[in-house]
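Q: So that we are looking at the same thing, I have put the structure below in structure tokens.
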Amino acid sequence: MEISFGHFTLFITILLFGLVAGLCFTWGNAVTPGIGQLGDMHYLQAFQKMNRSIKNPLFFLVFMGSFPLGLAAIFTNRGISSSSSWLIVIAVGIYGIGVVWITLLGNVPLNELLDKTDLMANSPEELKTLRERFEQPWNRFHTIRIFSASISFAMLVLSALYK
Numbered sequence: 117m118e119i120s121f122g123h124f125t126l127f128i129t130i131l132l133f134g135l136v137a138g139l140c141f142t143w144g145n146a147v148t149p150g151i152g153q154l155g156d157m158h159y160l161q162a163f164q165k166m167n168r169s170i171k172n173p174l175f176f177l178v179f180m181g182s183f184p185l186g187l188a189a190i191f192t193n194r195g196i197s198s199s200s201s202w203l204i205v206i207a208v209g210i211y212g213i214g215v216v217w218i219t220l221l222g223n224v225p226l227n228e229l230l231d232k233t234d235l236m237a238n239s240p241e242e243l244k245t246l247r248e249r250f251e252q253p254w255n256r257f258h259t260i261r262i263f264s265a266s267i268s269f270a271m272l273v274l275s276a277l278y279k
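In this note's numbering, the protein residues as written are 117 to 279.
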């Protein structure tokens with residue numbers, strides 16, 4: 117069985133999209149509900165620490181590398197069936213808007229707001245206000261990422277089945 121460069125890029129794209137979908141699902145299904153039960157200071161501290169620890173080379177490779185690789189999968193799989201090609205294009209488009217764009221324009225600014233805050237220098241009322249500014253908007257943006265990443269991943273898997 118010969119594996120073309122198109123097959124390889126699609127396989128790696130499916131793998132990376134799947135990892136991101138799994139991360140988003142797990143974060144939204146277990147992490148945020150779990151820490152959401154904490155008091156304001158502990159919630160904000162936990163989120164700050166997780167946001168700081170997730171910034172590592174492996175995360176950036178998977179999270180930021182997935183979209184350019186998805187674009188490469190579009191171009192390296194142009195000669196396959198039109199149904200499969202369109203599934204790849206739509207999957208990468210949904211991912212680009214619903215994961216990358218939402219992350220950069222929604223979640224990252226909120227993460228930066230939280231990261232720049234010296235939590236120990238704030239009163240309980242200020243912490244409550246910060247949490248109110250952060251938690252619900254962040255979770256709404258993240259819900260979009262969960263659905264977008266999951267749908268994109270499923271569409272890529274379907275595109276591979278239709279080859």
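All residues carry an ideal CB built from backbone N, CA and C; glycine is no exception.
With DSSP collapsed to three states, give me the class of Gln113.
A: Residue 113 falls outside the range modelled here, since the chain spans only 117 to 279, and no answer is possible.
Q: Our contact map puts Arg249 next to Asp156 with C-beta atoms below 8 Å; I'd like the distance itself, whole angstroms only.
A: Contact flag wrong, Cβ pair sits at about 12 Å.
Q: With respect to the alpha helix (DSSP H) encompassing Thr125, which residues constitute its N-terminal and C-terminal limits?
A: 121 to 142 is the span of the alpha helix (DSSP H), which, as asked, contains Thr125.
Q: Leaving out five residues before and five after Ile218 in sequence, what residues of the same chain have Cβ atoms less than 8 Å from its Cβ?
A: For Ile218, where only same-chain residues beyond five positions count, the Cβ hits under 8 Å are Phe257, Ile260, Arg261, Ser264.
Q: Give the secondary structure of Tyr211 by DSSP, where H, G and I count as helix, E and B as strand, and everything else as coil.
A: If DSSP states are grouped into helix, strand and coil, Tyr211 belongs with the helices.
Q: Give every residue of the same chain whose Cβ lies closer than 8 Å to the Cβ of Ile206, excluding the five residues on either side of it in the sequence, and list them in chain order.
A: Answer for Ile206: Met271, listed in chain order.
Q: Does the Cβ of Ile119 have 16 or more other Cβ atoms within 10 Å, making it buried, or fewer, making it exposed?
A: Label assigned to Ile119: exposed.
Q: Grouping DSSP H, G and I as helix and E and B as strand, with all else coil, what is Asn227?
A: Asn227 falls in the helix class under three-state DSSP.
Q: Counting C-beta neighbours from all protein chains within 10 Å, is the total for Asn145 16 or more, i.e. buried, or is it exposed?
A: By the 10 Å Cβ count, Asn145 comes out exposed.
Q: Would you call the CB atoms of Ser200 and Ser275 closer than 8 Å?
A: Yes, the Cβ-Cβ distance between Ser200 and Ser275 is below 8 Å.
Q: Can you tell me whether Leu277 sits near the ligand FAD, meaning its C-beta is under 7 Å from at least one heavy atom of the ligand?
A: Inclusion of the ligand FAD in the displayed structure is not the case, the ligand content being empty and no account of it being possible.
Q: Taking only runs that begin and end inside the stretch 163 to 193, name each unbroken alpha helix (DSSP H) of 4 or more residues, in chain order.
A: Those alpha helix (DSSP H) runs which fall completely within the stretch 163 to 193 and span 4+ residues are 173 to 192.
Q: I'd like the span of the alpha helix (DSSP H) that includes Lys244, first residue to last.
A: Element bounds for Lys244: 240 to 277.
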